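Notes for the one structure printed next.
In this note's numbering, the protein residues as written are 124 to 582.
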């Protein structure tokens, strides 16, 4: 449908979008009858697939009972969902604060950290250190923490003065280039910034355990988060992990940080909590953070109208029941390994720089010159070429945010289908991506050799 034919305030006027009529499993259907394999789960959201009747039935039952209560009341779905989340999180993270979306969750985490330090008698601690090529949300506090330059630019006069450090990206790391192995200089940059700014001013460090659409699938080395944790502890800085994308099974474990065995102080979650069936997110605090805040105060002066509403809590609980009953996190890990194995041969193509990720959060990065690791001119629109051609073939791929290389250039895509995907559908994603990336390579003037057939023994 053309953006000029409706009354929506569109995010862009340069593209026309299909009008979706319904979804079923891993597929979406438009009003013209075309079927799309949802290989990005609606921006890393729809973990259990579309149209799950068990969830819809719970939604109806709760709506008939009560949809909303004022925050001076508690409801059983709210209490039950908090218990369920606390049973899944790393040890000690057991205090759950409900909000409506990921930006609210990360901003709530920022305010929790501030409240903690005020309660501990350190009111000067207010800055949050984050990373370039990160994304923590669209609200002013969340955007201040984010390191996605193109999205910050128009709103820079409003943004808080928070420091950023380089992302842990071995492919383009300049800090360790003289060494044969990673020296974790990217983590040591955190220490340098703390000393430069003054540890007495730093409240928290925030990071996505595995990066989402700003650097799809980028996975730090094994010792990275233990080093970050140690620096935080030494300088009385709270460690916040942004699990809005990675949380509730997306990477093949309950939470992304579980791959490192590190326990953060605060965790922000969102998308996978309800699988897109209702807007809900949560910020989860460690007991020591909660105890400090309520050791000096009787309230956390923060909140949103729809946070913890019983309808959303009941639906999210039904989603988590569905995931647990069908062991879908294990399914995600298995299908993620299969998908990664079938996408790795893409590295044989002349424009593919990297294929990376964990579970069903995988990124493919493109380059104009493999030897020099040169990004494409943004004017070429390489990411859009790949995404649009895949869409024409009925596979929905998530375009990575522009500016991966330097805030301006750098093309990549994200693949993150629902956990319920089957082997044949994994094969279809790999097949279509191989076809379209070959087509784009040839369109750009590169000679392409045969790629190992997805799913063959050689792959």
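Don't be surprised by glycine CBs; every beta carbon is placed ideally from N, CA and C. Keep in mind the model is a prediction, meaning the values are calculated, not measured.
Residue i - DSSP class collapsed to helix/strand/coil
| i | result |
| --- | --- |
| residue 534 | strand |
| residue 569 | coil |
| residue 150 | strand |
| residue 128 | helix |
| residue 416 | helix |
| residue 218 | strand |
| residue 271 | coil |
| residue 349 | helix |
| residue 292 | coil |
| residue 338 | coil |
| residue 580 | Confidence at residue 580 is low in this model, with a pLDDT of 41, below 50, so its placement is unreliable and no value can be given for it. |
| residue 373 | coil |
| residue 472 | coil |
| residue 159 | strand |
| residue 178 | helix |
| residue 173 | strand |
Residue i versus residue j: straight-line alpha-carbon distance, rounded
| i | j | result |
| --- | --- | --- |
| residue 134 | residue 419 | 43 Å |
| residue 295 | residue 276 | 23 Å |
| residue 325 | residue 291 | 20 Å |
| residue 352 | residue 387 | 8 Å |
| residue 461 | residue 538 | 13 Å |
| residue 241 | residue 476 | 46 Å |
| residue 565 | residue 454 | 36 Å |
| residue 130 | residue 214 | 48 Å |
| residue 260 | residue 232 | 12 Å |
| residue 393 | residue 153 | 26 Å |
| residue 161 | residue 541 | 8 Å |
| residue 426 | residue 222 | 7 Å |
| residue 428 | residue 471 | 51 Å |
| residue 432 | residue 379 | 26 Å |
| residue 434 | residue 195 | 16 Å |
| residue 506 | residue 536 | 7 Å |
| residue 504 | residue 191 | 45 Å |
| residue 405 | residue 159 | 30 Å |
| residue 358 | residue 318 | 9 Å |
| residue 203 | residue 256 | 36 Å |
| residue 182 | residue 521 | 28 Å |
| residue 361 | residue 570 | 50 Å |
| residue 581 | residue 509 | Its pLDDT being 43, under 50, residue 581 is placed unreliably by the model, and nothing is read from it. |
| residue 144 | residue 519 | 15 Å |
| residue 401 | residue 150 | 19 Å |
| residue 348 | residue 306 | 13 Å |
| residue 443 | residue 493 | 42 Å |
| residue 267 | residue 502 | 27 Å |
| residue 245 | residue 411 | 16 Å |
| residue 184 | residue 176 | 12 Å |
| residue 365 | residue 313 | 17 Å |
| residue 551 | residue 374 | 21 Å |
| residue 369 | residue 321 | 31 Å |
Own chain, CB closer than 6 Å to residue i, minus 5 neighbours either side, in chain order
| i | result |
| --- | --- |
| residue 243 | 415 |
| residue 148 | 172 |
| residue 499 | 491, 505, 534 |
| residue 488 | 476, 477, 535 |
| residue 283 | 267 |
| residue 343 | 291 |
| residue 555 | 513, 516, 518 |
DSSP bridge partner residues for residue i (one or two, in chain order)
| i | result |
| --- | --- |
| residue 145 | 152 |
| residue 391 | 365, 406 |
| residue 497 | 492 |
| residue 453 | Residue 453 is not bridged to any residue. |
| residue 481 | 484 |
| residue 253 | 287 |
| residue 259 | According to DSSP, which records beta bridges pairwise, residue 259 is partnered with nothing at all. |
| residue 328 | 252, 362 |
| residue 133 | Note: residue 133 sits in no beta bridge, so no partner. |
Sequence-distant residues of its chain with Cβ nearer than 8 Å to residue i (five each side left out)
| i | result |
| --- | --- |
| residue 496 | 294, 295, 476, 490 |
| residue 562 | 512 |
| residue 210 | none |
| residue 572 | 471 |
| residue 212 | 377, 378, 390, 407 |
| residue 372 | 170, 395, 446, 451, 452, 455, 482, 542 |
| residue 197 | none |
| residue 163 | 519, 520, 521, 537, 538, 539, 540 |
| residue 345 | 383 |
Neighbourhood of residue i by C-beta, 7 Å cutoff - its chain only, sequence neighbours within 5 removed
| i | result |
| --- | --- |
| residue 272 | 526, 530 |
| residue 234 | 425 |
| residue 238 | 416, 423 |
| residue 549 | 458, 461, 462, 465 |
| residue 385 | 348, 349, 352 |
| residue 165 | 399 |
Within-8 Å CB hit, residue i to chain D
| i | result |
| --- | --- |
| residue 382 | Among the chains of the structure shown, chain D does not appear; only one protein chain is present. |
Identify every run of the alpha helix (DSSP H) within the segment 504-555, keeping only runs that are complete inside it and at least 4 residues long; order them along the chain. 505-515
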